[in-house]
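Under the working numbering, the first residue of the sequence shown is numbered 16, with each subsequent residue one higher.
From the three backbone atoms N, C-alpha and C, an ideal C-beta is built for every residue, glycine too.
Below: the structure, in structure tokens.
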Amino acid sequence: MSTLNGMPGPTSRVFFSQRLRLHYVDWGNPEAPPLLLVHGGRDHCRNWDWVAQALRKDWHIICPDLRGHGDSQWSPDGNYSMSAYIYDLAQLIHQQGLAPVTIIAHSLGGNISLRYTGIYPESVRKLVAIEGLGPSPKVIAERGQKTMADRMREWVDEQRKLSGRLPRRYASIEDAFKRMQEENKHLSAEQARHLTQQGVNQNEDGTYSWKFDNYVRAWPPYDMSYPDIESLWAGISCPTLLVYGKESWASNPEKDGRLQHFKTAKVVEFDNAGHWVHHDRLEDFVETARTFIA
């Protein structure tokens with residue numbers, strides 16, 4: 016077992032969902048109330064290590080790897096629908112008897128968790144979603160002008176390209192680490208190195224590749240309709256905190272009108288932070304989240 020700051024690191028565990036072998040880490044302290052930390056797209060459960068270390072004394076923290084990510088199995092048909100992700104989350108909460116659970120989630124993980132909470136409002140105690148509402152109303156309006164035939168054709172073309180796309184190979188962990196630093200300028204070298212070491216597998220020829228399945232890059236051609244998604248947001252009954260970074264590409268729901276679909280949500284925005292607020296402003300984020308979920 017690894018140690019972090021002299022404390023034992025998390026334990027790896029497995030659960031099954033739609034025949035897939037899915038991985039999560041458990042930070043111990045099972046007598047404490049449960050707290051789920053759900054990562055974003057092309058990420059992995061160890062992304063939360065710093066947040067987990069800060070909160071583990073008060074909470075029983077569980078961090079899943081989404082299907083196709085981290086140490087979870089890849090979907091055999093390369094399909095990653097929102098309904099499948101939601102089912103996986105529902106299975107973990109059901110199998111481990113976590114409800115009513117507190118959730119902190121980022122990006123894709125936030126999107127999944129917000130929808131899950133609208134479907135099972137009684138199962139979630141409090142929810143913090145970091146940039147989890149998905150594309151802005153402007154992007155959605157542009158997408159809505161495409162016919163189903165256009166969307167299907169684009170998806171088929173994208174799947175075909177992904178089928179021929181080999182995972183990128185890095186000669187060394189150092190090379191992968193440099194790529195990680197390019198991706199987020201806010202990361203300290205220590206953060207980027209840890210995320211890289213936890214986020215790669217070594218190939219048989221000695222090179223390194225990211226753990227995620229390239230097929231997770233493709234967004235399915237059809238999803239729930241936007242009115243349906245908005246109705247799920249409206250069904251959330253627990254206190255909800257929507258977190259945004261002022262330097263992110265994500266659109267703030269207080270400014271774009273999406274906040275009106277929520278009964279209980281408030282928005283907090285962080286200066287000097289991009290899309291990964293929990294990395295870019297770690298201490299301030301932890302303090303904000305700790306107070307909110309207490």
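Range of the contiguous alpha helix (DSSP H) that encloses residue i
i    : result
I251 : It is not in any alpha helix (DSSP H) - I251 carries neither H nor E in the DSSP assignment.
V301 : 297-308
S98  : 97-110
S27  : It is not in any alpha helix (DSSP H) - S27 instead sits in the beta strand (DSSP E) that spans 26-32.
V231 : Segment: none, V231 is in no alpha helix (DSSP H) and carries neither H nor E.
A158 : Note that residue 158 corresponds to Arg in the displayed sequence, not to Ala. 152-159 is the span of the alpha helix (DSSP H), which, as asked, contains R158.
A69  : 64-70
P268 : 268-271
Assigned exposure category for residue i - 16 Cβ within 10 Å defines buried
i    : result
G260 : buried
K226 : buried
M22  : exposed
K153 : exposed
A164 : exposed
M16  : Note that M16 has pLDDT 45, beneath the 50 cutoff, so the model's placement of it is unreliable and no number is given.
I155 : exposed
W63  : buried
V40  : buried
E189 : exposed
R36  : exposed
S98  : exposed
T279 : exposed
A186 : exposed
S266 : buried
D58  : buried
Q160 : exposed
D228 : buried
Cβ-Cβ separation, residue j to residue i (assumed contact under 8 Å), whole Å
i    : j    : result
E51  : L70  : Residue 51 is actually Leu in this sequence, not Glu. Not quite, the Cβ-Cβ distance comes to about 12 Å (not below 8 Å), so this is no contact.
G56  : L123 : 4 Å
V215 : S224 : 6 Å
K141 : I251 : Actually they do not touch by this definition, with Cβ atoms about 11 Å apart.
P25  : V53  : P25 to V53, Cβ: 15 Å. No contact.
I77  : V292 : I77 to V292, Cβ: 21 Å. No contact.
L257 : P242 : So it is not a contact: roughly 20 Å between Cβ atoms.
Limits of the unbroken beta strand (DSSP E) element including residue i
i    : result
A120 : 116-121
W225 : 223-225
A144 : 139-145
D92  : Where D92 is concerned, there is no enclosing beta strand (DSSP E), given that its DSSP letter is neither H nor E.
E284 : 280-285
What are the uninterrupted segments assigned as beta strand (DSSP E) that are 3 or more residues long and contained completely in the stretch 168-221, given in chain order?
215-217
Is the stretch 240-248 close to the stretch 119-136, with three or more CB pairs under 8 Å?
yes
Taking contact to mean at least 3 C-beta pairs separated by less than 8 Å, is the stretch 229-240 in contact with the stretch 167-184?
yes
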